[in-house]
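K.L.:
Numbering-wise, the working numbering comes out as the position in the sequence shown, counting from 1, plus 205. For glycine and all other residues, C-beta sits at the position ideal for the given N, C-alpha and C. Let me begin by handing over the structure; questions about it come next.
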Amino acid sequence: MLKELFIKNNTKKKKYATIPSEMVKSEVPEGIMTKCPSCKKIMYTKELNKNLKVCIHCGYHHSMNSFERIDSFLDAGSFEELNENMISGNPLNFPDYLEKIEKDRQKTKLNEAVVTGTGTVNGIKIVLAVMDSTFRMGSMGSVVGEKITRAIEKADDLSVPFIIFTASGGARMQEGALSLMQMAKTSVALKKFSNHGGLIISIMTHPTTGGVSASFASLGDFNFAEPEALIGFAGRRVIEQSIREELPEDFQTSEFLLKHGQLDAIISRLDLVGKITNILEIHQPGGEIEW
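See below:
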């Protein structure tokens, strides 16, 4: 009897862990699922993209590149790009600057951090500028400022509204004072356009900071933003060290700016086309508002 207690039961099945082979691993597509950084829930990337990259669980607005935004905002097939072949030089002979620019061109398939062009929103013609944070963090250099200025002038020539989506880390350090000059150049172009009766709509997305937030991003007849976008000039830590005070938790968010009168409205990406169409229609002859 005692001997039988110590005899291994050969009829019991052994448990094995199945490890997928490298071939099986390679057959699973990358990027099929996306985890929301806000609510931490996982969803199919295809479902997220169908919802304009707005989380289907909590409404968090994931970042969009310039052409994703153009496709979601303009009528299909209406976009005609302007000045797409403008590229940056190296006016200050900053070390490795051109090499970094070229890497971003290869990575993003863009020539610069803003895409400009004409198109229609529900049949209403506009000129559009869309900044892209995937190219040098959307930083504003000479070419970015020039493309935006030319887009404003194009809207003036066509007598159509000018709409800009901003997303930027601020002025581009590799071009020094030449980057800061773009603040004045774009602002003057907007003032001239406004004097001619032009409509300017600015839509700030995450993040809109530095010299961009301090110039053309804040000079619209209507200044809107997406929910929970970071919008501000100097960094939080710099301000806290300067004023020696702790800032509110929601400081430099869309919601904070709206509460303090620096925005006209916060608009979800899912509602944007309808809201902007309404504004464009009331600026047509005989238009009426339905907000």
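Considering only their Cβ atoms, is the gap separating residue 458 from residue 431 smaller than 8 Å?
P.N.:
In the sequence shown, residue 431 corresponds to position 226, counting from 1. In the sequence shown, residue 458 corresponds to position 253, counting from 1. The answer is no: Cβ separation not under 8 Å.
K.L.:
Which ranges would you report for the beta strand (DSSP E) in the segment 343-418 if only whole runs of at least 3 residues count?
P.N.:
367-373, 405-414
K.L.:
What are the partner residues of residue 286, as DSSP defines its beta bridges?
P.N.:
Counting from 1 along the sequence shown, the entry for residue 286 is found at position 81. 322.
K.L.:
By the three-class DSSP mapping on this structure, what secondary structure does residue 299 have?
P.N.:
As a working note, residue 299 is residue 94 in the sequence shown. If DSSP states are grouped into helix, strand and coil, residue 299 belongs with coil.
K.L.:
Give the C-beta separation of residue 437 and residue 414 to the nearest angstrom, bearing in mind that I take them to be a contact with Cβ-Cβ under 8 Å.
P.N.:
As a position in the sequence shown, residue 437 is number 232, starting the count at 1. As a position in the sequence shown, residue 414 is number 209, starting the count at 1. About 6 Å; that satisfies the 8 Å criterion.
K.L.:
Report the partner residues of residue 239 according to the DSSP bridge assignment.
P.N.:
As a position in the sequence shown, residue 239 is number 34, starting the count at 1. The secondary-structure analysis by DSSP pairs residue 239 across a beta bridge with 248.
K.L.:
I'd like the span of the beta strand (DSSP E) that includes residue 333, first residue to last.
P.N.:
Numbered from 1 along the sequence shown, position 128 holds the residue referred to as residue 333. For residue 333, the enclosing beta strand (DSSP E) has its first and last residue at 329-336.
K.L.:
Is it true that the CB of residue 325 sits closer than 8 Å to the CB of residue 280?
P.N.:
On the sequence shown, residue 280 is found 75 positions in, with the first residue counted as 1. On the sequence shown, residue 325 is found 120 positions in, with the first residue counted as 1. In this structure, residue 325 lies closer than 8 Å to residue 280 by Cβ.
K.L.:
Skipping 5 residues on each side, what residues in its chain have a beta carbon closer than 6 Å to that of residue 351?
P.N.:
Stepping through the sequence shown from its first residue, residue 351 is reached at position 146. The answer is none, since no qualifying residue turns up.
K.L.:
Within its chain, find whatever has a CB closer than 8 Å to the CB of residue 297; leave out the 5 residues flanking it on each side and keep chain order.
P.N.:
Walking along the sequence shown from the start, residue 297 turns up at place 92. Once the five neighbours on either side are set aside, the close Cβ partners of residue 297 are 379, 380, 381, 383.
K.L.:
Taking the Cβ atom as the reference point for each residue, do residue 411 and residue 268 lie within a distance shorter than 8 Å?
P.N.:
The sequence position of residue 411 within the sequence shown is 206, counting from 1. The sequence position of residue 268 within the sequence shown is 63, counting from 1. Yes, the pair counts as a contact, with Cβ atoms nearer than the cut-off.
K.L.:
For residue 425, name the three-state secondary structure that DSSP assigns.
P.N.:
Residue 425 sits at position 220 when you count from the first residue of the sequence shown. Looking at residue 425 - three-state DSSP - the assignment turns out to be coil, as it is neither helix nor strand.
K.L.:
Please report how far the alpha carbon of residue 248 lies from the alpha carbon of residue 422, in whole angstroms.
P.N.:
Within the sequence shown, residue 248 is the residue found at index 43, counting from 1. Within the sequence shown, residue 422 is the residue found at index 217, counting from 1. Their Cα atoms are separated by approximately 33 Å.
K.L.:
Kindly indicate which three-state DSSP category residue 479 falls into: helix, strand or coil?
P.N.:
The count along the sequence shown starts at 1 and reaches residue 479 at position 274. Note: residue 479 maps to helix in three-state DSSP.
K.L.:
Once the 5 residues before and after residue 399 are set aside, which same chain residues still bring their CB inside 6 Å of it?
P.N.:
Mapped onto the sequence shown, residue 399 falls at position 194. Result list for residue 399: empty, nothing under 6 Å.
K.L.:
What would DSSP say about residue 168, mapped onto helix, strand or coil?
P.N.:
Since the first residue of the chain shown is 206 and the last is 496, residue 168 is not available in this structure.
K.L.:
Can you look up residue 253 in the DSSP assignment and give me helix, strand or coil?
P.N.:
Within the sequence shown, the letter at position 48 stands for residue 253. Reduced to three states, the DSSP call for residue 253 is helix.
K.L.:
Would you mind giving the Cβ-Cβ distance between residue 469 and residue 428, rounded to the nearest angstrom? I have them listed as a contact below 8 Å.
P.N.:
Counted from its first residue, the sequence shown places residue 469 at position 264. Counted from its first residue, the sequence shown places residue 428 at position 223. Contact flag correct, Cβ pair sits at about 5 Å.
K.L.:
With DSSP as the reference, identify every bridge partner of residue 436, one or two as the case may be.
P.N.:
Against the sequence shown, residue 436 aligns to sequence position 231. Paired residues: 413.
K.L.:
Could you give the first and the last residue of the continuous alpha helix (DSSP H) run that contains residue 518?
P.N.:
A question about residue 518 goes unanswered here, because the residues of the chain that appear run from 206 up to 496.
K.L.:
Could you check where the alpha helix (DSSP H) with residue 274 kicks off and where it finishes?
P.N.:
On the sequence shown, position 69 is the one that residue 274 refers to. 271-278 is the extent of the alpha helix (DSSP H) around residue 274.
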